[in-house]
Amino acid sequence: MKKFAIKLSGPAGTGMMQAGETLSKALNRLGFYTLMYPEYPSRIRGGDNHIQVVFCSEKFIAPFEKIDLLLALGKENYKAHVNEGGEGFKSYEGGEIGLNKIAEELGNPLVLNTAGLGFIWKVLGFKIDVLREQLAEDFADKEEIKALNIKAAEKGYERAREIREIRKIGEIKGGGKKITNLTGNEALVKGILKAECDFVGIYPMTPVNEILRLLAKTKIKLFRPEDEIAGINAAIGAAFAGGRAMVATSGGGFALMTEALGMAGMAEVPAVIVLGQRTGPSTGMATFSSQADLNFAISAGQGEFPRIILAPGDLEEAYRLGAEAFNLAEQYQVPVILLTDKYLAESRFSTLKENFDQIKIIIDKGKLFKGNKGDKGYRRYELTADGISPRAFPGETTFLTNSYEHDESGFSSDDAENREKMMAKRMGKLKNLEEGFGGFEIFEGKKGWGKGTTLIGWGSTKEIILDTLKEFPEFNFIHFWRLWPFPQKAKEILTKAKNLVVIEGNFSGQLADLIEKETGLKSQRILKDNGRPFFKEELTAWMKKI
Amino acid sequence: MDEKDLNTKVQPTWCSGCGAYGFLTAMKKAIAQSNLAPKDVVVTYDIGCAANMINFFNVCGFATLHGRSIPVAVGVKMTNPSLTVIAQGGEGGIVTEGANHLIHAAQRNDDITVIINNNYVFGLTTGQASAATPKGLKTSSTPEGNPFEALCAVDLVAVSGGTFVARTAASEIEKTTEIIKKAIAHKGFSLVEILHPCVIWTKGVKIPEGTWTEKPFADYKEFLGKENLFGVLFNE
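As structure tokens, then:
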């Protein structure tokens with residue numbers, strides 16, 4: 008089936024996000040894969056929040072420039088999007104199709120969005136039962152509101168029947184597929200919980216606020232700090248005391264965390280940092296997406312210290328890497344940065360439930376102190392073959408942790424010989440990471456690797472590129488989910504590939520630069536830096552030019 | 054336990070006559086007399102002269118960053134509340150660079166003890182004025198005299214919500230020991246400001262001829278702005 012793209016638009020406060028979520032999940036119940044991509048300005052009420060919901064019977068969905076159906080609540084919102092239609096486009100304004108009247112009848116302006124959903128549902132030719140079931144789930148804990156919303160949906164549905172606006176999309180035959188629907192942030196939070204994280208320090212910032220909201224409902228110790236500096240320093244304190252600790256922020260907050268990032272590196276304290284990229288520099292476009300913090304994540308901090316940078320590209324990766332980040336941080340005693348972005352964090356994606364459920368996570372806290380041996384006692388920074396010294400926690404034994412250069416016992420030291428040993432210890436710690444822990448995924452084109460064009464992407468572009476590739480089956484594609492240390496195996500693979508084309512959401516081509524630095528290989532760059540994700544139409548146009 | 058168990062192999066590197074020696078002695082006495090095992094005591098250190106104590110004091114020490122000993126301590130205590138957690142630093146770190154953390158930890162009444170070694174100056178960086186340098190004092194950064202009133206940690210913590218506030222002088226080892234013991238035992242946020250002018254950069258500064266309070270004040274408004282009051286000023 009061809010995709011179908013719906014846009015819902017309304018002022019902030021009219022429940023566009025909720026409507027998009029309900030619509031997506033109801034479509035999932037019918038066996039469709041969905042993508043919900045929200046755009047909203049930085050304001051609480053008014054303006055234009057618009058949600059794109061794309062559905063398709065096949066997996067991997069990119070956002071689109073051209074839409075098939077628009078429902079706008081308000082004339083201004085209608086005007087803003089009425090020119091975005093593709094072939095066969097239908098557009099509706101809430102007042103004109105009688106939604107306001109329905110809301111009036113029900114005595115609650117807040118059900119406008121649900122009445123609109125009922126209307127759309129009928130236009131699409133679906134049975135009301137499925138939408139009703141979804142609304143019952145969405146409002147399961149609020150009996151009165153549930154009944155009101157179901158009523159609104161039914162009335163909207165009837166309204167579309169009355170004006171005979173019906174467009175049969177056709178239901179998927181065979182159905183039965185169980186589809187999981189989550190935002191990138193929600194999948195990440197599932198990973199964080201699976202990893203049994205103990206401590207979270209989050210100062211609010213788009214696009215990671217959902218993480219704070221979701222974790223606040225759990226038993227995890229949550230610290231809403233006075234600033235991001237306190238957040239990461241407290242997380243480091245928590246990890247030093249034996250907890251699994253994390254922070255989440257965006258570029259501005261990460262800039263404040265930079266000094267403590269180096270402390271985690273120097274003092275060898277595990278730290279997990281979710282860096283949700285948004286459009287910079289400075290305050291930039293606060294609610295829009297970006298992939299421009301890769302260089303920053305790689306190089307943040309004075310001096311040199313090891314770090315790991317992961318960039319999930321879909322729900323499965325967000326979940327798996329969200330959990331694995333804690334294992335890696337503890338196994339290697341380094342900061343681990345999870346690079347997401349507004350597009351991945353706040354959009355809703357879908358995948359087969361069984362694919363998601365089969366991801367296995369085993370908690371591994373790395374080398375730990377097993378009691379004092381002999382007279383020497385425990386040395387926190389003992390030199391070992393792999394550079395990793397067992398960790399002890401306060402309450403177990405007495406030891407020193409130090410942001411100054413230090414000797415094996417943790418005492419501050421400016422000694423030249425000691426410095427060389429300690430730098431070699433720290434900088435060599437990640438050498439075992441290459442064994443067994445991957446960093447990229449290869450999608451081989453029809454002609455095989457080494458033949459024709461090879462697309463390269465990282466993080467949130469994964470599904471967008473895979474959707475676009477449906478029409479270019481001869482292209483190869485390599486998706487990076489680990490950027491640092493740059494996967495050694497990728498070097499060989501890239502060397503065998505031809506016509507490299509890097510696709511990324513920044514101005515200069517930061518991954519392309521990194522690949523060139525690591526391999527000497529030059530690549531063509533397809534770049535976008537206007538806050539929006541790549542849309543399928545524009546990426547397709549690029550593909551044709553290659 | 055014995056105070057000697059709190060020694061390390063490293064000799065203090067402080068200048069001769071520095072108040073930090075008295076402070077270290079008082080800290081050892083306080084921990085020993087409180088009967089705390091070194092493995093159960095965490096001190097998060099700032100960066101600066103007094104914070105070099107990480108090398109001279111045998112507990113679970115963590116040398117953090119300039120201004121950041123408080124948030125690290127908060128994370129430690131939240132994760133393992135059974136530990137005794139002390140954040141230490143000079144007035145440069147805690148009242149200047151990291152004053153934000155001092156205010157907010159007091160506001161939250163975090164169950165940690167903050168100890169400020171106030172020598173009225175940035176010592177290690179060769180004597181520049183800090184936020185707690187007395188008005189009029191000539192320093193390397195204020196050759197014409199410091200134009201600002203000193204920011205007072207005791208007052209700042211009291212108005213922010215801290216529930217234990219004390220001021221002492223490093224030379225008064227016994228009194229300081231008793232105060233630190235009480236601060237550690239206090240449930241909630243406790244602040245101990247320890248005055249010891251720098252023997253190099255602020256040796257001209259005299260600790261005010263103070264009055265030692267018999268018992269804490271019932272209302273913090275009674276000691277605000279009175280820098281000549283010593284002892285436990287507030288214990289809610």
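For the record, the sequence lines run as chains A and B.
Start counting the first sequence at 8; every next residue gets the next number (this note's numbering).
Start counting the second sequence at 54; every next residue gets the next number (this note's numbering).
Every residue gets a Cβ at the ideal spot worked out from N, C-alpha and C, and that includes glycine.
Subject >> Exposure label - W265(B); buried when at least 16 CB within 10 Å >> reply: Looking up residue 265(B) in the second sequence gives position 212. Exposed, by the Cβ-count rule.
**OP:** Would you tell me roughly how many angstroms separate the C-alpha atoms of W488(A) and D321(A), rounded to the nearest one?
**Re:** On the first sequence, position 481 is the one that residue 488(A) refers to. On the first sequence, position 314 is the one that residue 321(A) refers to. W488(A) and D321(A): Cα-Cα distance of roughly 10 Å.
Original post:
Roughly how many whole angstroms lie between the Cα atoms of T430(A) and T132(B)?
Top reply: Your numbering for residue 430(A) matches position 423 in the first sequence. Your numbering for residue 132(B) matches position 79 in the second sequence. The sequence given here has Met at residue 430(A), not Thr. Between M430(A) and T132(B), the C-alpha separation is close to 30 Å.
Original post:
Between M253(A), A248(A) and R166(A), which lies nearest to G208(A) when the distance is taken from Cα to Cα?
Top reply: The residue given as residue 208(A) occupies position 201 in the first sequence. Comparing Cα-Cα distances from G208(A) to each of M253(A), A248(A) and R166(A), the minimum goes to M253(A).
Original post:
What separation, rounded to the nearest whole angstrom, lies between the Cα atoms of F513(A) and L155(B)?
Top reply: As a first step, residue 513(A) must be located in the first sequence, where it is residue number 506. As a first step, residue 155(B) must be located in the second sequence, where it is residue number 102. Looking at the sequence shown, residue 513(A) is not Phe but Asn. Computed Cα separation, rounded: 39 Å.
Original post:
For T405(A), which residues in chain B fall below 7 Å Cβ to Cβ?
Top reply: To locate residue 405(A), count along the first sequence from 1; it is residue 398. The contacting residues are P91, K92, N111, V112 and C113.
Original post:
Which residues, in chain order, does the segment 73 to 86 of chain B contribute to contact with chain A at a C-beta distance below 8 Å?
Top reply: none
**OP:** Spell out a yes or no on whether the segment 264 to 274 of chain A and the segment 321 to 335 of chain A are touching, meaning 3 or more CB-CB pairs, one atom from each, closer than 8 Å.
**Re:** no
Original post:
For I186(A) versus S64(A), is the C-beta distance shorter than 8 Å?
Top reply: Counting from 1 along the first sequence, the entry for residue 186(A) is found at position 179. Counting from 1 along the first sequence, the entry for residue 64(A) is found at position 57. No, they are not a contact pair.
**OP:** Flag this pair as yes or no: are the beta carbons of A241(A) and F230(A) separated by less than 8 Å?
**Re:** Locating residue 241(A) in the first sequence gives position 234, where the first residue counts as 1. Locating residue 230(A) in the first sequence gives position 223, where the first residue counts as 1. Yes.
Original post:
When the Cα atoms are used, what is the spatial distance from G95(A) to L195(A)?
Top reply: Start at 1 with the first residue of the first sequence, and residue 95(A) comes out as number 88. Start at 1 with the first residue of the first sequence, and residue 195(A) comes out as number 188. Each residue's Cα considered, the two are about 38 Å apart.
Original post:
Which ranges does the alpha helix (DSSP H) cover as unbroken runs of at least 4 residues, wholly within the segment 487 to 515 of chain A, from first to last along the chain?
Top reply: 495 to 503
Subject >> K290(B) vs L59(B) beta-carbon contact at 8 Å >> reply: The structure shown has nothing for residue 290(B), since chain B only spans 54 to 289.
Subject >> Start-end ranges of the alpha helix (DSSP H) lying completely within the segment 161 to 248 of chain B, minimum 4 residues >> reply: 206 to 213 and 226 to 238
Subject >> Candidates S396(A), D414(A) and A274(A), of which the one nearest I243(A) by Cα >> reply: The count along the first sequence starts at 1 and reaches residue 243(A) at position 236. Ranking S396(A), D414(A) and A274(A) by Cα distance to I243(A) puts A274(A) first.
Subject >> Of the residues I395(A), K505(A), E424(A) and E451(A), the one placed nearest R433(A), counting alpha carbons only >> reply: Numbered from its first residue, the first sequence carries residue 433(A) at position 426. Ranking the options by Cα distance to R433(A), first place goes to I395(A).
Subject >> Contact set between Y339(A) and chain B, taken where Cβ atoms lie within less than 9 Å >> reply: The residue given as residue 339(A) occupies position 332 in the first sequence. Under the 9 Å cutoff, chain B gives no residues; its nearest Cβ is about 20 Å from Y339(A).
Subject >> Ordered list of alpha helix (DSSP H) runs contained in the segment 213 to 263 of chain A, each at least 4 residues >> reply: 216 to 222 and 235 to 247
**OP:** Look at the alpha carbon of A19(A) and the alpha carbon of E151(A), and state the distance between them as a whole number of angstroms.
**Re:** Translated into positions along the first sequence, residue 19(A) becomes position 12. Translated into positions along the first sequence, residue 151(A) becomes position 144. Answer to the nearest angstrom: the Cα atoms are 24 Å apart.
Subject >> chain A contacts from the segment 233 to 247 of chain B (Cβ-Cβ distance under 8 Å) >> reply: none
Original post:
Is the segment 275 to 295 of chain A touching the segment 521 to 541 of chain A in the sense that three or more CB pairs, one from each, lie closer than 8 Å?
Top reply: yes
Subject >> C-alpha distance - L351(A) paired with G402(A), whole-angstrom precision >> reply: Counted from its first residue, the first sequence places residue 351(A) at position 344. Counted from its first residue, the first sequence places residue 402(A) at position 395. When rounded, the distance between both Cα atoms is 40 Å.
Original post:
Hey, is V167(B)'s beta-carbon within less than 8 Å of any beta-carbon in chain A?
Top reply: Counted from its first residue, the second sequence places residue 167(B) at position 114. So no, V167(B) is outside the interface.
Subject >> For T41(A) and T408(A), the rounded distance between their alpha carbons >> reply: In the first sequence, the residue the question calls residue 408(A) occupies position 401. In the first sequence, the residue the question calls residue 41(A) occupies position 34. One C-alpha to the other measures close to 48 Å.
Original post:
Counting along the chain, where does the alpha helix (DSSP H) carrying H57(A) start and finish?
Top reply: Translated into positions along the first sequence, residue 57(A) becomes position 50. Segment G53 to C63 is the beta strand (DSSP E) holding H57(A); no alpha helix (DSSP H) there.
**OP:** Quick one: give me the first and last residue of the beta strand (DSSP E) that S31(A) is part of.
**Re:** As a first step, residue 31(A) must be located in the first sequence, where it is residue number 24. Run containing S31(A): none in the beta strand (DSSP E); it sits in the alpha helix (DSSP H), M23 to R36.
Original post:
At a Cβ threshold of 8 Å, is V210(B) touching chain A?
Top reply: As a position in the second sequence, residue 210(B) is number 157, starting the count at 1. So, not an interface residue.
**OP:** Using a cut-off of 7 Å between C-beta atoms, extract the partners of D414(A) located in chain B.
**Re:** Counted from its first residue, the first sequence places residue 414(A) at position 407. None at all; the shortest Cβ gap to chain B is about 10 Å.
Original post:
So with Cβ pairs under 8 Å, would you call T408(A) a contact of chain B?
Top reply: Taking the first residue of the first sequence as 1, we reach residue 408(A) at position 401. Closer than 8 Å to some Cβ of chain B, the Cβ of T408(A) qualifies, so yes.
Subject >> Rounded straight-line distance, which links the Cα of T405(A) to that of N111(B) >> reply: Here the question's residue 111(B) lines up with position 58 in the second sequence. Here the question's residue 405(A) lines up with position 398 in the first sequence. For N111(B) and T405(A), the distance between alpha carbons rounds to 7 Å.
Subject >> For N425(A) and I168(B), the rounded distance between their alpha carbons >> reply: The sequence position of residue 168(B) within the second sequence is 115, counting from 1. The sequence position of residue 425(A) within the first sequence is 418, counting from 1. Cα to Cα, the separation comes out at about 32 Å.
Original post:
Using 8 Å as the Cβ pair cut-off and three pairs as the minimum, do the segment 504 to 524 of chain A and the segment 456 to 476 of chain A touch?
Top reply: yes
Original post:
Is the beta carbon of T117(B) sitting closer than 8 Å to the one on T97(B)?
Top reply: Residue numbering aside, residue 117(B) sits at position 64 when the second sequence is read from its first letter. Residue numbering aside, residue 97(B) sits at position 44 when the second sequence is read from its first letter. The answer is yes: Cβ separation under 8 Å.
Subject >> W549(A), DSSP secondary structure in three states >> reply: Stepping through the first sequence from its first residue, residue 549(A) is reached at position 542. DSSP places W549(A) in helix when its eight states are reduced to three.
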